[in-house]
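Sequence lines, in order, name chains A and B. Okay, so the first sequence: first residue is -10 according to the working numbering, each after it adds one. Okay, so the second sequence: first residue is 172 according to the working numbering, each after it adds one. For glycine and all other residues, C-beta sits at the position ideal for the given N, C-alpha and C.
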Amino acid sequence: MRGRAISFKTARREAGDNTAMSIIDFDFPRRGELRSALTDIAPALVAGVPIGLLFGAVAVAKGMAPLEAVLMSALVFAGGAQFAAIELWQHPPPLVALVVSTALINARHILMGISLAPKLKLLGMLQRLCGCAVMADENWALAERRAAGLPLTPAYFLGMGAVFWANWVLWSAIGAMLGPVLGDPRRFGADFAFIAIFIGLVVSLSKGARSAGVIAASALAATLVHAFVGSPWHVLSGAFAGIAAAALLDRKDAR
Amino acid sequence: MSLDPTTLLAILLMALATCLTRVAGLVLVGRLRLEGRAKAAFDAIPPAILTAVIAPAVLTGGPAEAIAGLITILAAFRLPLLGTVLVGVAAIVVLRAIFGG
């Protein structure tokens, strides 16, 4: 495991020297792309198990049929928005509130897509659409990390997305069927698995002191807005604070 | 298994809203070339978003969450992703037992 982490850092450094990399210059085995995707997404799959179980169980407890809970996981495929929807859930469902809440929580996808889109040059239009249709925080962050060192291939991005989607649907379904048998997942620290994976992704995406300012600004703004305005506004507020900090801290001599 | 029509409509509308946010980036970007401050701002998107999602839970969740967050950050510098998750989950279970969270 340690060896893999080191080889990733090496790959990133090599890419830094060779930004104008073309498709012909590949000197890595392309057949390994799917395997790399599965290896890289594996921790997120593990962390997704308790969160999927929790969603299924909570949705059924709130009065959704198991089939409806699974359908929501399959079609919406956005943990944060789905948990928020369950908070709002009643019969009949409040359509406007649900759509506004979902759009606000998922508005970060717009920024994520803007950041990732230029790195999808090896993908056809249909592949880009399919890949982005299953773009969630974890597989997006891993794709960003991959793109920092190696060209992003269809096998890597789509393979990772498909597996991550299937994992979420599967564990939501199991959670919906097992329901209240599971008990409180907080007892096993299951809710913290999600936080830990985000921390791991932030650390692996950051580049020293320049990222520290971004992370500090984002954390501060998100926490203040969460406390004084409320969820889900903290996500976009924090994101824009971090982005603004990066622009302000940027100096010519650092480039 | 039952499927209520209004529930189905709610799920479909949520799916549509989410899908639009997901593909919007593809449409908006085109072929832009960024330099200087704009490039720095652009490169900051990934850590800025991920931090914003979890920061309130870590910083205002209580002592167990804050300390477990710190331990997880330290672990993330040394361990691969799966190791980081395991350390984080183990830390929160122990710390919640101590602080009664």
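Cutoff 7 Å; reference residue i; Cβ partners in own chain excluding five residues on either side
i        : result
B:Lys210 : none
A:Leu225 : Ala96, Arg97
A:Arg176 : none
Within 7 Å, strictly: CB atoms of residue i and residue j
i        : j        : result
B:Ala223 : A:Ala211 : yes
A:Met246 : A:Ala26  : Nothing about residue 246 of chain A can be reported from this structure: the residues present for chain A run from -10 to 244 only.
A:Val35  : A:Ala165 : no
B:Ala215 : A:Ile204 : no
B:Leu266 : B:Ile238 : yes
A:Ser161 : A:Gly68  : no
B:Arg208 : A:Ala130 : no
B:Leu197 : A:Arg134 : no
A:Val152 : A:Ile30  : yes
B:Leu221 : A:Phe181 : no
B:Leu184 : A:Val88  : yes
B:Val264 : A:Gly189 : no
B:Ala219 : A:Ala228 : yes
A:Ala132 : A:Ile94  : no
B:Ala235 : B:Phe213 : no
B:Pro217 : A:Leu42  : no
B:Leu205 : A:Leu56  : no
8 Å Cβ cut-off: residues of chain E touching residue i
i        : result
B:Ile238 : The chain inventory of the structure shown lacks chain E, comprising the protein chains A and B.
6 Å CB neighbourhood of residue i in its chain, flanking five on each side removed
i        : result
A:Val47  : Ile75
A:Val158 : Ser62, Ala63
A:Lys108 : Ala136, Leu141
A:His223 : Ala211, Val214, His215
A:Ala290 : The structure shown does not extend to residue 290 of chain A, since chain A spans only -10 to 244, so no value can be given for it.
A:Val38  : Trp160
Own chain partners of residue i with C-beta closer than 8 Å, once the 5 adjacent residues on each side are dropped
i         : result
A:Ala(-6) : Residue confidence is low: A:Ala(-6) scores 39 on pLDDT, short of 50, so the model does not pin down where it sits. Its coordinate-derived value is still stated next. Here the set comprises nothing.
A:Ala230  : Ala206, Ser207, Leu209, Ala210, Ala211
**Q.** Three-pair Cβ contact test at 8 Å for the region 114 to 131 of chain A versus the region 175 to 186 of chain B
**A.** Verdict: no, contact absent.
Checklist entry - Considering only residues of the region 205 to 247 of chain B, which uninterrupted alpha helix (DSSP H) runs meet the minimum length of 4 residues and lie entirely inside it, listed in chain order? => result For the region 205 to 247 of chain B, whole alpha helix (DSSP H) runs of length 4 or above, ordered along the chain, are 207 to 214, 216 to 231.
* Asked: Taking one C-beta from the region 109 to 118 of chain A and one from the region 138 to 152 of chain A each time, how about it: are there three or more such pairs within less than 8 Å?
  -> Judged by Cβ distances under 8 Å, the region 109 to 118 of chain A makes contact with the region 138 to 152 of chain A, as three or more pairs qualify.
### Task
Kindly provide the ranges of any alpha helix (DSSP H) runs that are 4 or more residues long and lie completely inside the region 15 to 84 of chain A, ordered along the chain.
The DSSP assignment places 22 to 50, 55 to 64, 68 to 77 as complete runs of the alpha helix (DSSP H) inside the region 15 to 84 of chain A, in order along the chain (cut-off: 4 residues).
Taking any Cβ of chain B, which residues in the region 49 to 70 of chain A have a Cβ under 8 Å from it, in chain order? Listed in sequence order: Met53, Ala54, Pro55, Leu56, Glu57, Leu60, Met61, Leu64, Val65, Phe66, Ala67, Gly69, Ala70.
At least three beta-carbon pairs within less than 8 Å, the region 245 to 265 of chain B to the region 184 to 196 of chain B:
By the Cβ test, the region 245 to 265 of chain B is not in contact with the region 184 to 196 of chain B, since fewer than three Cβ pairs between them sit closer than 8 Å.
Inset, instruction - Could you run through the region 87 to 99 of chain A and flag, in chain order, every residue whose CB is less than 7 Å away from some CB of chain B? - result: Interface annotation for the region 87 to 99 of chain A against chain B: Leu87, Val88, Thr91, Ala92, Asn95, Ala96, Arg97, His98, Ile99, criterion Cβ-Cβ distance under 7 Å.
_In chain order, what are the residue ranges of uninterrupted alpha helix (DSSP H) at least 4 long that sit wholly in the region 201 to 226 of chain A?_
Complete alpha helix (DSSP H) runs here, min 4: none at all.
Check distances from the C-beta atoms of the region 122 to 149 of chain A to those of chain B and list, in chain order, the residues that come in under 7 Å. Result list: Ala122, Met124, Asp126, Ala130, Glu133.
> Taking Cβ-Cβ distances below 7 Å as the criterion, which residues of the region 187 to 208 of chain B are in contact with chain A?
Replying inline: Ala188, Thr189, Cys190, Thr192, Arg193, Val194, Ala195, Gly196, Leu197, Leu199, Val200, Gly207, Arg208: these are the residues of the region 187 to 208 of chain B whose beta carbon lies less than 7 Å from some beta carbon of chain A, given in chain order.
Exercise. When Cβ atoms are compared, which residues of the region 101 to 119 of chain A fall closer than 7 Å to chain B?
Worked result: So the close ones are Met101, Gly102, Ile103, Ser104, Leu105, Ala106, Pro107, Arg117, Leu118.
**Prompt:** If contact means a Cβ-Cβ distance below 7 Å, which residues of the region 196 to 219 of chain A contact chain B?
**Reply:** Only those residues of the region 196 to 219 of chain A whose C-beta falls short of 7 Å from the nearest C-beta of chain B are listed: Ser200, Val203, Ile204, Ser207, Ala208, Ala211, Thr212, His215, Ala216.
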